[in-house]
Ligand SMILES: NC(=O)CC[C@H](N)C(=O)O
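In the working numbering, the protein residues as written are -12 to 301.
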């Protein structure tokens, strides 16, 4: 029996109180300003949506407002790449936490251009490059959008061109990562094509309600949402737990205790394995680039409902 069968009204009340309390918090973190279009987002926004495997969905705050999913897109591209290449992907990217910022270049030189994991920028660029091989950027982006729309059961999901363009103009760090990996033989396509595709996937916009629904393929929702092999669901969740918040992954696992993937747009997709998919959004970020209040909301929620996969204190 899920928590919704027992106390659906209590859960809605809990979420509304949580949203109201967090929105009053003075320390909201800072919005990402290295992508100029994201610097314009109003930091005083908060939304959360939970989609249970039994189909029920509960939301609070600005839950239909769309935001830039940014690195949360890396979960969808990893699922597509694993479906295409299978374990061969792991010859080009590893499965280890990096302990470094998401856009760090330092490990690539001593580690032969093989990124630590698919969720740091270098690893995500390699993952996108693998999807691009054999397709044009337009075809690869169409495939990514098709996957996301099918996962969310919603066609009203698009790429924000202005955000993609804005990141392309200021994406010198990502260009350096891609060119370094190209020099080491780990990028197959033209760097401009791979990065153009990567910037566009990051610029996908979704609301918390859409994102929570899109995450059902990782929470083991109904048969309809078995979009990928069950073994892969487990693999992706394990990487979200160990690497989904970059150099803040240990802290997130310690405080929240469930797999999660953040993005610099302020969103987090979190999975309660076999139970629910949760999307939270608050644009202010902490020093590791993870949503400050989003993390707090997930900690409060998972503590209250005992969702940590590491056991319950009771
Ligand atoms: N952590 C993130 O969300 C980073 C994604 C962003 N598009 C970048 O490449 O810098």
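The beta-carbon is built from N, C-alpha and C at its ideal position, and this holds for glycine as well.
If you're wondering where the values come from, they're calculated on a predicted model, not measured in any experiment.
Check: Span of the alpha helix (DSSP H) holding residue 225?; Outcome: 217 to 230
Check: Near ligand 1, which residues have their beta-carbon less than 6 Å from any of its heavy atoms, given in chain order?; Outcome: 57, 58, 89, 90, 108, 154, 161, 189, 250, 251 and 276
Check: Starting from the C-beta of residue 291, find all residues in its chain whose C-beta is less than 8 Å away, skip the five residues before and the five after it, and write them out in chain order.; Outcome: 1
Check: Could you tell me whether the Cβ of residue 170 comes closer than 9 Å to any Cβ of chain D?; Outcome: As a matter of chain content, chain D is missing from the structure shown, which is built from one protein chain.
Check: Only counting the same chain, and skipping five residues up and downstream in sequence, which positions put a Cβ closer than 8 Å to that of residue 272?; Outcome: 16, 17, 18, 19, 251, 253, 278 and 279
Check: To which residues does DSSP link residue 44 through a beta bridge?; Outcome: 38
Check: CB-CB under 7 Å to residue 195, same chain, minus the five flanking residues each way: which ones, in chain order?; Outcome: 34, 35, 36, 46, 50, 266, 267 and 268
Check: Indicate whether residue 295 and residue 244 have their beta-carbon atoms separated by less than 9 Å.; Outcome: yes
Check: Report all residues from its chain with a CB closer than 8 Å to the CB of residue 26; omit the five preceding and five following residues, and keep chain order.; Outcome: 18, 19 and 20
Check: Would you identify the three-state DSSP class for residue -12, choosing helix, strand or coil?; Outcome: Only weak support is given to the placement of residue -12: the predicted model assigns it a pLDDT of 46, under 50, and the question is left unresolved by the model.
Check: Residue 166: buried (16+ other C-beta within 10 angstroms of its C-beta) or exposed?; Outcome: exposed
Check: Considering Cα atoms alone, identify which of 67, 132 and 241 is closest to residue 113.; Outcome: 67
Check: Does DSSP put residue 2 in a helix, a strand or coil?; Outcome: helix
Check: Span of the beta strand (DSSP E) holding residue 83?; Outcome: From DSSP, residue 83 is part of no beta strand (DSSP E); its letter is neither H nor E.
Check: Run through DSSP, which three-state label would residue 254 get?; Outcome: strand
Check: Pick helix, strand or coil for residue 173, following the three-state DSSP scheme.; Outcome: coil
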